[in-house]
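J.: Heads up: the protein sequence lines correspond to chains D and H, in order.
In short: position in the first sequence from 1, add 20, done, that's this note's numbering.
In short: position in the second sequence from 1, add 20, done, that's this note's numbering.
Would you mind keeping the following structure in view while I ask a few things?
2 protein chains.
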Amino acid sequence: MTSTPPVSFDDVREAAARLRGVAHRTPVLTSRTLNALIGAEVFIKCENFQRIGAFKFRGAYNAAAQLPPEQLAKGIAAYSSGNHAQAAALAARELGTTAVILMPEDAPRSKLEATAGYGADIVTYDRYTQDRTALGEALAADRGLALIPPYDHPHVIAGQGTAALELFEETGALDALVVPVGGGGLIAGSATTAKALHLGIQVIGVEPEAGDDTKRSLECGERVTVPVPRTIADGQAPPTPGEITFAINQRLVDAIALVSDEEVVHAMRFAFERLKIVLEPSGASALAALMAGRVDSPPRRIGVIASGGNIDVRRFTELVRPCLTSAA
Amino acid sequence: MTSTPPVSFDDVREAAARLRGVAHRTPVLTSRTLNALIGAEVFIKCENFQRIGAFKFRGAYNAAAQLPPEQLAKGIAAYSSGNHAQAAALAARELGTTAVILMPEDAPRSKLEATAGYGADIVTYDRYTQDRTALGEALAADRGLALIPPYDHPHVIAGQGTAALELFEETGALDALVVPVGGGGLIAGSATTAKALHLGIQVIGVEPEAGDDTKRSLECGERVTVPVPRTIADGQAPPTPGEITFAINQRLVDAIALVSDEEVVHAMRFAFERLKIVLEPSGASALAALMAGRVDSPPRRIGVIASGGNIDVRRFTELVRPCLTSAA
Numbered sequence: 021m022t023s024t025p026p027v028s029f030d031d032v033r034e035a036a037a038r039l040r041g042v043a044h045r046t047p048v049l050t051s052r053t054l055n056a057l058i059g060a061e062v063f064i065k066c067e068n069f070q071r072i073g074a075f076k077f078r079g080a081y082n083a084a085a086q087l088p089p090e091q092l093a094k095g096i097a098a099y100s101s102g103n104h105a106q107a108a109a110l111a112a113r114e115l116g117t118t119a120v121i122l123m124p125e126d127a128p129r130s131k132l133e134a135t136a137g138y139g140a141d142i143v144t145y146d147r148y149t150q151d152r153t154a155l156g157e158a159l160a161a162d163r164g165l166a167l168i169p170p171y172d173h174p175h176v177i178a179g180q181g182t183a184a185l186e187l188f189e190e191t192g193a194l195d196a197l198v199v200p201v202g203g204g205g206l207i208a209g210s211a212t213t214a215k216a217l218h219l220g221i222q223v224i225g226v227e228p229e230a231g232d233d234t235k236r237s238l239e240c241g242e243r244v245t246v247p248v249p250r251t252i253a254d255g256q257a258p259p260t261p262g263e264i265t266f267a268i269n270q271r272l273v274d275a276i277a278l279v280s281d282e283e284v285v286h287a288m289r290f291a292f293e294r295l296k297i298v299l300e301p302s303g304a305s306a307l308a309a310l311m312a313g314r315v316d317s318p319p320r321r322i323g324v325i326a327s328g329g330n331i332d333v334r335r336f337t338e339l340v341r342p343c344l345t346s347a348a
Numbered sequence: 021m022t023s024t025p026p027v028s029f030d031d032v033r034e035a036a037a038r039l040r041g042v043a044h045r046t047p048v049l050t051s052r053t054l055n056a057l058i059g060a061e062v063f064i065k066c067e068n069f070q071r072i073g074a075f076k077f078r079g080a081y082n083a084a085a086q087l088p089p090e091q092l093a094k095g096i097a098a099y100s101s102g103n104h105a106q107a108a109a110l111a112a113r114e115l116g117t118t119a120v121i122l123m124p125e126d127a128p129r130s131k132l133e134a135t136a137g138y139g140a141d142i143v144t145y146d147r148y149t150q151d152r153t154a155l156g157e158a159l160a161a162d163r164g165l166a167l168i169p170p171y172d173h174p175h176v177i178a179g180q181g182t183a184a185l186e187l188f189e190e191t192g193a194l195d196a197l198v199v200p201v202g203g204g205g206l207i208a209g210s211a212t213t214a215k216a217l218h219l220g221i222q223v224i225g226v227e228p229e230a231g232d233d234t235k236r237s238l239e240c241g242e243r244v245t246v247p248v249p250r251t252i253a254d255g256q257a258p259p260t261p262g263e264i265t266f267a268i269n270q271r272l273v274d275a276i277a278l279v280s281d282e283e284v285v286h287a288m289r290f291a292f293e294r295l296k297i298v299l300e301p302s303g304a305s306a307l308a309a310l311m312a313g314r315v316d317s318p319p320r321r322i323g324v325i326a327s328g329g330n331i332d333v334r335r336f337t338e339l340v341r342p343c344l345t346s347a348a
């Protein structure tokens, strides 16, 4: 453990200044129905309303904006099958440069089109036979591009921490903050912010049952790799924590709760019918943990990050249909 | 035409003061994608996030709160198969009194349960053989209750006008305001506010093609009744304009646009996938009119009222499924 953390609260504050007028300041929703259900006051930070539909834009933009001008002019690169692809593409456009995004050739057409729609060049690969990390690094090196990683970079982490900062600016002190965990960038940034502002706050991560790599890693005291998780929460698929994110989370995260796919679908449906918002599975997982009683003795005032809403109607219908049938 | 309008802008301002801390101040959403599509700056007032999931709470509460204390103590009554039932039930609870709500016996169970959940007594009737207006009036008279009508009352209209007031407080002057029309209460209140604040603003109502009673009535210069409309927009089903609402709308509304059910479903899907919000059909109709090009030469800055989001996942899926199949 080092005495200088890789990301400080000042880094988050500087990221917030950089993002002002570029990222949305997303609304915080409350629901009396939800509060009654949980027996607590719950504040939902709605990053599904963020640009590109998820928090990822914060980190990608904060990282790209800090590149030296001559590097930025050459362009950036990223690899992602999900929200980070659109985030990097939009960050490049906002900064007046170009992006090359490496995406699996069988990525949903809507995501390929959305990424191309932000002006990025798409390079596809076969995810069953090719290693995206090696490909991405080779691509960036060949073309002289700066690679913006999806989570394991201090500037990305600091950017992701700005969502929690905005939340606290609206709510004041909270007893707990519940945050989805994929590669760990969002929770590392959130925990950095939370513990700097409110010493006693509990920071609770949420992983899918099938992808509990961060929980296991925290228990073991070192990074553990699990089999590629079979879960509907595709934003939480990384099978191992990032190196920098894990170092931060080991110090600042108090507990990890696990949720089943069924609990996530239940929360997505509740968000639709009662909160009137659309959440993708990963975006609903923190809410799901709370609703399913996976957070022990929930404290009085709880913040929840609803991290994204990128799901099309077709997929939403497929996921929720079984639970409709069983209720019929 | 009378020189003293039944609802003044002062009435709306007083309603806003009454609703402060009781109704939600709902967010105003913007979307760069939508702006590019329409070629204008669009501001969506999200009344789907209002208490009970629709704007109706504003008017019901504003009316109930102005009853004489001894009348209020005896309780209120309302008839509705939709959002006004829940609105009146919640208004009664908030004011510490009781509500009796007359609802069709075949109303969706979720709506019956939600209304009962606010503590109201439900009385059911057969909508094929019984006249709800006569029944409602008899019920109120028998039990000494004050009947809160769904739209045709100055206090209800003034309450509905507070949504537009909040919108203008955030956006400043707009060139046009697009508002769904059912019985005409929301648009009458909105137009009262809009024309008081911004003389040159165009106020445009939106009706389903099958339920164009207000459009026809404005053309004829008198209230016209159309056959009970077959439309998915069940919040816009009244076959004839209200008496008070029509008098106001005749003076203040500039145009009525019509939308098809298909255009409404398209807007609901856009709201889901791009705006990440849930809108019921009536709640999406103003957005639909704009998206379908039903508003002639759209002006530069446009306000849109998204009036409600009360639709369950099952019904949403039924409505959107055909358009998924055709896109497959």
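The beta carbon of each residue, even a glycine, is placed where N, CA and C say it ideally should be.
No experiment lies behind these values; they were computed from the predicted model shown.
Which one of H/229, H/181, H/200, H/202 has the shortest CA to CA distance from residue 211 of chain H?
T.: Among H/229, H/181, H/200, H/202, the Cα nearest to that of residue 211 of chain H is on H/181.
J.: When you check each C-beta in the region 58-89 of chain D against every C-beta of chain H, which residues fall closer than 7 Å?
T.: The residues in question are 68, 69, 73.
J.: Would you verify that the beta carbon of residue 124 of chain D is, or is not, closer than 8 Å to some beta carbon of chain H?
T.: No, no contact with chain H.
J.: Would you mind sorting residue 197 of chain H into buried or exposed? The rule is 16 or more other CB atoms within 10 Å of its CB.
T.: Buried: at least 16 other Cβ atoms inside 10 Å.
J.: Which residues, in chain order, does the region 276-305 of chain D contribute to contact with chain H at a C-beta distance below 7 Å?
T.: For the region 276-305 of chain D, which is checked against every Cβ of chain H, the residues closer than 7 Å are 289, 292, 293, 296, 297, 298.
J.: How about residue 35 of chain H and residue 179 of chain H: do their beta carbons lie closer than 8 Å?
T.: For residue 35 of chain H and residue 179 of chain H, yes; Cβs fall inside 8 Å.
J.: Where in the region 253-330 of chain H do unbroken runs of the alpha helix (DSSP H), each at least 4 residues long, occur, reported from the N-terminal end onward?
T.: Runs found: 263-272, 281-290, 301-311.
J.: Would you decide whether residue 66 of chain H is buried or exposed? Buried here means 16 or more other CB atoms lie within 10 Å of its CB.
T.: Its Cβ being crowded by 16 or more others within 10 Å, residue 66 of chain H is buried.
J.: Can at least three beta-carbon pairs, one atom from the region 284-293 of chain H and one from the region 157-164 of chain H, be found at a separation below 8 Å?
T.: Too few Cβ pairs lie closer than 8 Å, so no.
J.: Note down, in chain order, every chain D residue with its Cβ under 7 Å from the Cβ of residue 332 of chain H.
T.: Ordered by position in chain D, the residues that pass the 7 Å Cβ test against residue 332 of chain H are 293.
J.: Rounding to the nearest angstrom, what Cα-Cα distance links residue 27 of chain H and residue 184 of chain H in this structure?
T.: So the two alpha carbons sit approximately 15 Å from each other.
J.: Find the nearest neighbour of residue 41 of chain D within the set D/267, D/55, D/82, D/48, judged by alpha-carbon distance.
T.: Of D/267, D/55, D/82, D/48, the residue nearest in Cα terms is D/82.
J.: Is residue 198 of chain H close to chain D, meaning its C-beta is less than 8 Å from at least one C-beta of that chain?
T.: No, because no Cβ of chain D sits closer than 8 Å to the Cβ of residue 198 of chain H.
J.: How many whole angstroms separate the CB atoms of residue 297 of chain H and residue 68 of chain H, which I take to be in contact at a CB cut-off of 8 Å?
T.: Indeed, because the Cβ distance is near 6 Å, the residues count as touching under 8 Å.
J.: Would DSSP call residue 75 of chain H helix, strand or coil?
T.: It is coil, neither helix nor strand.
J.: With 16 other CB atoms within 10 Å as the buried threshold, where does residue 320 of chain D fall?
T.: Exposed is the call here.
J.: Residue 335 of chain D to residue 30 of chain D, Cα distance in whole Å?
T.: C-alpha separation (whole angstroms): 40 Å.
J.: Under the rule that 16 or more other beta-carbon atoms within 10 Å means buried, what is residue 59 of chain D, buried or exposed?
T.: Its Cβ having fewer than 16 others within 10 Å, residue 59 of chain D is exposed.
J.: What's the gap between the Cα of residue 234 of chain H and the Cα of residue 120 of chain D?
T.: When rounded, the distance between both Cα atoms is 53 Å.
J.: Run through the region 183-242 of chain H for me and flag every whole alpha helix (DSSP H) of 4 or more residues, listed as ranges in chain order.
T.: If we require 4 residues or more, the alpha helix (DSSP H) runs fully inside the region 183-242 of chain H come out as 205-217, 233-240.
J.: List, in chain order, every chain D residue whose beta-carbon is nearer than 9 Å to that of residue 337 of chain H.
T.: Those within 9 Å of residue 337 of chain H in chain D are 333, 336, 337, 340, 341, 344.
J.: Could you check where the alpha helix (DSSP H) with residue 89 of chain D kicks off and where it finishes?
T.: Where residue 89 of chain D is concerned, the enclosing alpha helix (DSSP H) stretches over 89-94.
J.: Within a Cβ cutoff of 6 Å, which residues of the same chain sit near residue 124 of chain D, ignoring the five residues on either side of it in sequence?
T.: Excluding sequence neighbours, residue 124 of chain D sits near 101, 147.
J.: Which residues does DSSP pair with residue 62 of chain H in a beta bridge?
T.: Answer by DSSP bridge pairing, in chain order: H/322.
J.: Under 8 Å Cβ-Cβ, which residues of chain D neighbour residue 329 of chain H?
T.: Those are 296, listed as they occur along chain D.
J.: Any beta carbon from chain D within less than 8 Å of residue 47 of chain H's own beta carbon?
T.: Taking Cβ atoms only, chain D reaches closer than 8 Å to residue 47 of chain H, which makes this a yes.
J.: DSSP on residue 144 of chain H, reduced to helix/strand/coil?
T.: It is a strand residue.
J.: Would you mind reading off the limits of the beta strand (DSSP E) that contains residue 119 of chain H?
T.: Unbroken beta strand (DSSP E) run through residue 119 of chain H: 119-124.
J.: Between D/249, D/271, D/329, D/242, which has its C-alpha nearest residue 281 of chain D's C-alpha?
T.: For residue 281 of chain D, the nearest C-alpha among the options comes from D/249.
J.: Determine the direct distance from the alpha carbon of residue 318 of chain H to that of residue 114 of chain D, and round the result to whole angstroms.
T.: One C-alpha to the other measures close to 27 Å.
J.: If you reduce the DSSP assignment to three classes, tell me which class residue 30 of chain D lands in.
T.: Here residue 30 of chain D sits in helix by DSSP.
J.: Of the residues D/127, D/99, D/117, D/63, which one's Cα is nearest the Cα of residue 87 of chain D?
T.: Among D/127, D/99, D/117, D/63, the Cα nearest to that of residue 87 of chain D belongs to D/117.
J.: Relative to the C-alpha of residue 112 of chain D, which candidate in D/127, D/130, D/85 has its C-alpha closest?
T.: Checking every option, the nearest Cα to that of residue 112 of chain D belongs to D/85.
J.: Quick one: what's got a C-beta closer than 8 Å to residue 294 of chain D's C-beta in the same chain, skipping five residues either side?
T.: Contacts found: 51, 53, 54.
J.: Would you check if the distance between the CB atom of residue 201 of chain D and the CB atom of residue 226 of chain D is smaller than 8 Å?
T.: Closer than 8 Å, so yes.
J.: Spell out the partners DSSP gives residue 57 of chain D in its beta bridges.
T.: Answer is none; residue 57 of chain D lacks a bridge partner.
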